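Input: a single structure, listed below in structure tokens.
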Amino acid sequence: MKLYRLSLLQDYAISNIWQNIELFFYSALCFFMPLMIGHPQIVVGVAVNAALILAALNLKSYKLLPVILLPSLGVLSRGLLFGPLTIFLLYFIPFIWIGNALLVFSFKFFKLKKKINYFVTLFLGTVFKCSFLFVSALILFKLGIVPAMFLSAMGVMQIVTAIAGGIIALGIHSVKKKFTS
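Residue numbering for the sequence shown is 5 to 185, as defined by the working numbering.
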């Protein structure tokens, strides 16, 4: 129940219609960016992380789910990001969903509920998401389930894309907020 109440927080009130427009836009971006562009991972990752953070700041409740779930499904559909190793992504999908949720709910909790500075929130959300993904990749690697290249893809690359996406999201959100207030 506490997680549900947390999911209802927004940086500023926006109408249900506008939330649906943003839901459609962020969901389409999260699914089609990996599906249509695929490479380089840094471009796709930055765009997806920006959408995750914008969704965290603006969307409520169940409207967060497509943005959390669709990026990995887009990558899997494309089958290009990891080339012939895409099959290994199947093992990571639940972990990616949890990592995305950690980033989204870090913003809901630290920025919107606790009113902590945006950059501190971005740092904490990045640490939670990236640590979870890297430890998951490390465990799967040590168990012989995935190759070593997943360690860098789920480690340093995740940090870079989360921070860059967060900076871009801040710029977009600041402009949006200025024009809606």
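Don't be surprised by glycine CBs; every beta carbon is placed ideally from N, CA and C. The structure presented is a predicted model; accordingly, all values stated were derived computationally and were not measured.
Asked: With distances taken from CA atoms, which of ALA59, ASN24, MET158, ASN62 is nearest GLY103?; Found: MET158
Asked: Hey, quick one: how far does the alpha helix (DSSP H) through SER156 stretch, first residue to last?; Found: 153-157
Asked: Mind checking PRO70: buried by the 16 CB within 10 Å criterion, or exposed?; Found: buried
Asked: I'd like to know if the stretch 70-80 and the stretch 49-60 are in contact, where contact means that at least 3 CB-CB pairs between them fall below 8 angstroms.; Found: yes
Asked: Can you tell me the Cβ-Cβ gap for VAL48 and PRO38, rounded? I've got them flagged as a contact below 8 angstroms.; Found: 5 angstroms
Asked: I believe ALA168 touches LEU107 by the beta-carbon criterion, under 8 angstroms. Please report the beta-carbon distance rounded to the nearest angstrom.; Found: About 13 angstroms separates the two Cβ atoms, so there is no contact after all.
Asked: Quick check: what's the CA-CA separation for PHE145 versus SER135?; Found: 15 angstroms
Asked: Do LEU13 and LYS64 have their C-beta atoms closer together than 9 angstroms?; Found: yes
Asked: Output the distance between the C-alpha atoms of TYR35 and MET161, rounded to the nearest integer angstrom.; Found: Residue 35 is actually Phe in this sequence, not Tyr. Looking at the two C-alpha atoms, the distance is approximately 19 angstroms.
Asked: Which value, in whole angstroms, describes the spacing of the CA atoms of GLN235 and GLY148?; Found: Lying before the first or after the last residue shown, residue 235 is absent from the chain, which here runs from 5 to 185.
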